[in-house]
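I have placed the structure first, in the form of structure tokens, so that the comments after it can refer back to it.
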Amino acid sequence: MSPETALQIRITEDIKLAMKAGDTVKRDTLRMLLSSVKNAANTKLAPLDETEVVAVIAKDVKRHLESIDAFKKGNRPDLVAKEEAEMAILQKYMPAQIGRDEIVNVVKEVIAAVGAKGPGDKGKVMQQVMPRLKGKAEGKDINDVVTQLLNQ
Numbered sequence: 513m514s515p516e517t518a519l520q521i522r523i524t525e526d527i528k529l530a531m532k533a534g535d536t537v538k539r540d541t542l543r544m545l546l547s548s549v550k551n552a553a554n555t556k557l558a559p560l561d562e563t564e565v566v567a568v569i570a571k572d573v574k575r576h577l578e579s580i581d582a583f584k585k586g587n588r589p590d591l592v593a594k595e596e597a598e599m600a601i602l603q604k605y606m607p608a609q610i611g612r613d614e615i616v617n618v619v620k621e622v623i624a625a626v627g628a629k630g631p632g633d634k635g636k637v638m639q640q641v642m643p644r645l646k647g648k649a650e651g652k653d654i655n656d657v658v659t660q661l662l663n664q
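The numbering of the sequence shown is the numbering used here, which starts it at 513 and goes up by one.
What follows is the structure in structure tokens.
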């Protein structure tokens, strides 16, 4: 699975820099990320493209968010701090998140394009919107905007 994306190369280079700087948290976090990417490539039986690598990073970020919630409920501030530090490192490799206004614009555009009339057309709209905003916005936020606009 040799052909690496620019993002994978950047992560590998950042691991080397973290090792030289003695930043064990960053080094270990990026090693785990690279491992997740390689596991995803092995599962797919083909090299991942840039968007698939971003999807793996997003999955890891989401896992960290869930861990943070669990550790807060368990009153473990030490583990919360560790997870937050790792998540901050991972988020540097995510594309910039778009705001609600931009989501609304894309959703309105898709609603007009597919001719959606109400909540029954939500599936058609989501099917078109999700690939366009993948990695740029949370699925929950997109779903909320689509639901709101279709219920007007």
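For glycine and all other residues, C-beta sits at the position ideal for the given N, C-alpha and C.
Taking every protein chain shown into account, the CB of residue 520 has 16 or more other CB atoms within 10 angstroms, so this residue is buried. For residue 595, the uninterrupted alpha helix (DSSP H) run begins and ends at 589-603, by DSSP. In the DSSP assignment, residue 571 falls within the alpha helix (DSSP H) that extends over 562-585. Per DSSP, reduced to three states, the secondary structure at residue 635 is helical. Distances from the alpha-carbon of residue 566 to those of 583, 551, 655, 646 put 646 closest. In the structure shown, the three-state DSSP call for residue 536 is helix. Going by beta carbons, residue 637 and residue 618 fall outside the 8 Å limit. In the structure shown, residue 663 adopts coil according to DSSP, grouped into three states.
Counting along the chain, no alpha helix (DSSP H) covers residue 610, and no H or E run does either.
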